[in-house]
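Worksheet for the structure shown next.
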């Protein structure tokens, strides 16, 4: 493909993308295909000769698009949203055209310098303390791939710091702290690093008021593990857990760590809910004071609710030297005069891999295009839409909230009056599994399930920038109808 052929193909690709979004609301949310469908539709080996571009992109439309679950659909209420804005698409396109690995400043100065600037923009957008700003050269921010990589990076740095401060401690005695609501990446980090992990139980506080771990809970766990000869060295706290949107009490945890266990690293995972820090009215509940006072590291995913295309996970650290000391390996072929003099950031020492994409470009496009006000408006809109759904649950005689709504997430279950009076958990769980199975047969929307303690429940997460009040009303109609039919099928009175 030469330049002019690329120009023509590019116009055609943009047209197809626009047509896709024009028709998105009419498409089924979930792919209507069976496992293995694609293998029967494409050859089992690549072609010997190159094929016409038109036939390739036509096959994309015919074979690939039907197998996509549309995370940007207005009725996608599962998991958490994956952002996809036109500004982000264009930023991704331009960054792909440069294809710079960006492992040090010399490799492409603009890649490093723009990232340092936009991470400071983001820190200011969220109200982070100046210590987290790159320009102050104490802490700083870096764009990772996902929250999993951000957490793994933080755990590696925490381990290095703890071992350096406690040279007699063996790796076998180290233990990672998560909670029963922490994302699975906490346990995966332990698997990768060959370390112990302990999930501290917070399910009771989650079901009562949707709060998570407190300082007292942490102190009790550390005392138990110290008595067993174990060394907790990092705590992964969460602001807006995946399962329920629960919020660990960061200020309380930070105070407990500072007073009793200053060698324990506090990593705050705010991958989904952290973007609410852009709105001053949500900063208290989203734990900004505790983050600014106590967090050693913080993760917020712009690619979830932050209008920026996957992947773009922002990680800030309070002390960049600890990060670099844990990850810096500089062979001769990577040395540069700028790096040797320490006048630039070499971002390869701020994460686990060597090469890295030019992710800051799409974030720059998004933040400039939407501005602070546009960014805030999207968050407030989604929260308002979720509140309207939660009101429907509160007013219904057959549903109940399992936890308090958290920002743009509602966790609920089907609960007829007769079941509530009997208090039969197993029966109610069986009823809700049947209810959820019924929802899965509907192609017009998608939700996900979760388990809080022993309670089976349903998650409703708002986050698509294309979702409107009419989509919430349509979803409620489907949920209500499915709930009523499930009750009739299972023999419950309504």
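Residue numbers (our numbering): -10 to 483. Cβ coordinates follow ideal geometry from the N, Cα and C atoms, glycine included.
Need the endpoints of the alpha helix (DSSP H) that residue 372 sits in, please.
Run containing residue 372: 349 to 384, per the alpha helix (DSSP H) assignment.
Taking DSSP's pairing of strands, which residues face residue 396 in a bridge?
Beta-bridge pairing by DSSP links residue 396 to no other residue.
Do residue 374 and residue 338 have their C-beta atoms closer together than 8 Å?
No. Outside cutoff.
Quick one, are the C-beta atoms of residue 267 and residue 368 less than 8 Å apart?
Yes.
Residue 57 to residue 30 span [Cα, whole Å]:
Rounded to whole angstroms, residue 57 and residue 30 show a C-alpha spacing of 15 Å.
Output the distance between the C-alpha atoms of residue 189 and residue 2, rounded to the nearest integer angstrom.
Rounded to whole angstroms, residue 189 to residue 2 spans 49 Å at the Cα level.
Identity of the residue in 178, 461, 124, 130 nearest residue 348 by Cα
130 is the residue among 178, 461, 124, 130 whose C-alpha sits nearest the C-alpha of residue 348.
Same chain only: Cβ atoms within 8 Å of residue 154, ignoring 5 sequence neighbours per side
Taking C-beta separations shorter than 8 Å and ignoring five residues to either side along the sequence, the partners of residue 154 in its chain run 252, following chain order.
Can the beta-carbon of residue 298 be found less than 8 Å from the beta-carbon of residue 7?
No, Cβ-Cβ distance for residue 298 and residue 7 is not below 8 Å.
Start-end ranges of the beta strand (DSSP E) lying completely within the segment 31 to 99, minimum 3 residues
Runs found: none.
From residue 372 to residue 433, what does the alpha carbon distance come to, in whole angstroms?
In a straight line, the C-alpha of residue 372 is about 22 Å away from that of residue 433.
Which of helix, strand or coil does DSSP assign to residue 289?
In the three-state reduction of the DSSP assignment, residue 289 falls in the strand class, which pools E and B.
Who are the Cβ neighbours of residue 52 in its own chain at under 6 Å, not counting the five residues just before and after it?
Here the set comprises 30.
Would residue 87 be called buried (16 or more neighbouring beta carbons within 10 Å of its own) or exposed?
Exposed.
Please name the residue, chosen from 336, 221, 402, that lies closest to residue 97 on a Cα-to-Cα basis.
In terms of CA proximity to residue 97, 336 leads the group 336, 221, 402.
Among 50, 475, 66, 473, the one whose alpha carbon lies nearest that of residue 456
The candidate whose alpha carbon is nearest that of residue 456 is 66.
Same chain only: Cβ atoms within 7 Å of residue 397, ignoring 5 sequence neighbours per side
Listed in chain order, the non-local C-beta contacts of residue 397 below 7 Å within the same chain comprise 371, 372, 375, 450, 451, 452, local neighbours out to five positions each way being set aside.
I'd like to confirm something about residue 184: is its beta-carbon nearer than 7 Å to some heavy atom of the ligand HEM, or not?
What this structure holds is no ligand at all, so the ligand HEM is not there to describe.
Which stretch, first to last residue, makes up the beta strand (DSSP E) that contains residue 446?
That run of the beta strand (DSSP E) goes 444 to 450.
What's the gap between the Cα of residue 358 and the Cα of residue 84?
Residue 358 and residue 84 have their alpha carbons spaced roughly 17 Å apart.
Quick one: any contact between the segment 303 to 310 and the segment 285 to 292, if contact means 3 or more CB pairs under 8 Å?
Taking a cut-off of 8 Å for Cβ pairs, the segment 303 to 310 and the segment 285 to 292 touch, as three or more such pairs fall below it.
Do you know how far the Cα of residue 0 is from the Cα of residue 205?
A straight line joining the alpha-carbon of residue 205 with that of residue 0 spans about 59 Å.
Taking just the CA atoms, how far does residue 227 sit from residue 235?
Spanning the two alpha carbons is a distance of roughly 8 Å.
For residue 187, collect the residues of the same chain with a Cβ closer than 8 Å to its Cβ; drop the 5 residues on either side in sequence, then sort them by chain order.
Counting only Cβ-Cβ distances below 8 Å, and skipping sequence neighbours, we find 164, 165, 166, 167, 210, 214, 221.
Would residue 442 and residue 196 be called neighbours here (beta carbons separated by less than 8 Å)?
For residue 442 and residue 196, yes; Cβs fall inside 8 Å.
So who's on the other strand from residue 221, going by DSSP bridges?
Bridge partners of residue 221 according to DSSP: 164.
First through last residue of the beta strand (DSSP E) which encompasses residue 257:
Element bounds for residue 257: 254 to 258.
Taking buried to mean at least 16 other C-beta atoms within 10 Å of its own C-beta, is residue 320 buried or exposed?
By the 10 Å Cβ count, residue 320 comes out exposed.
Which residue from 178, 180, 230 puts its Cα closest to that of residue 192?
Comparing C-alpha distances from residue 192 to each of 178, 180, 230 shows the shortest one belongs to 230.
Selection from 351, 254, 448 that minimises the alpha carbon distance to residue 392:
Per the Cα distances, 448.
I need the DSSP call for residue 416, collapsed to helix, strand or coil.
In the three-state reduction of the DSSP assignment, residue 416 falls in the helix class.
Please state if the CB of residue 77 and the CB of residue 478 are separated by a distance shorter than 8 Å.
Residue 478 is not a Cβ neighbour of residue 77, given a cutoff of 8 Å.
Name the residue from 121, 329, 430 whose alpha carbon lies nearest to the alpha carbon of residue 94.
For residue 94, the nearest C-alpha among the options comes from 329.
For a test of the three-state rule: what should DSSP assign to residue 401, helix, strand or coil?
DSSP, read as helix, strand or coil, puts residue 401 in strand.
Using the three-state DSSP reduction, which class does residue 124 fall into: helix, strand or coil?
Three-state result, residue 124: helix.
For residue 69, is the classification buried or exposed, using 16 other Cβ atoms within 10 angstroms of its Cβ as the cut-off for buried?
Residue 69 comes out buried.
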